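A short write-up of the structure that comes next.
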Amino acid sequence: MEIIFMFVAGFIVFLIAIITIFRSAVFRMKEPAKQNEERISRLEKRLEKLENK
Numbered sequence: 011m012e013i014i015f016m017f018v019a020g021f022i023v024f025l026i027a028i029i030t031i032f033r034s035a036v037f038r039m040k041e042p043a044k045q046n047e048e049r050i051s052r053l054e055k056r057l058e059k060l061e062n063k
């Protein structure tokens with residue numbers, strides 16, 4: 011009986027680890043894209059200011 015509980019606990023920990031790895035990978039893909047969009051918008055604003063001078 012104790013062995014079954016250990017396997018179940020191990021499986022739950024394994025699932026949590028897999029979910030965490032997946033979420034961190036998705037976050038790492040999305041975050042740089044967001045930062046790049048912000049940088050592009052700032053550069054576009056600076057370009058507009060320079061063109062208007």
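Take the sequence shown: its letters are residues 11 to 63, numbered as in the working numbering. The beta carbon of each residue, even a glycine, is placed where N, CA and C say it ideally should be. In this text, all values refer to a predicted model and were calculated from it rather than measured experimentally.
What three-state label does DSSP hand F55 in the structure shown?
Residue 55 is actually Lys in this sequence, not Phe. K55: helix per DSSP, three-state reduction.
With DSSP as the reference, label K63 as helix, strand or coil.
In the three-state reduction of the DSSP assignment, K63 falls in the coil class, being assigned neither a helical nor a strand state.
Roughly how many whole angstroms lie between the Cα atoms of R56 and A43?
The straight-line gap from Cα to Cα measures roughly 20 Å.
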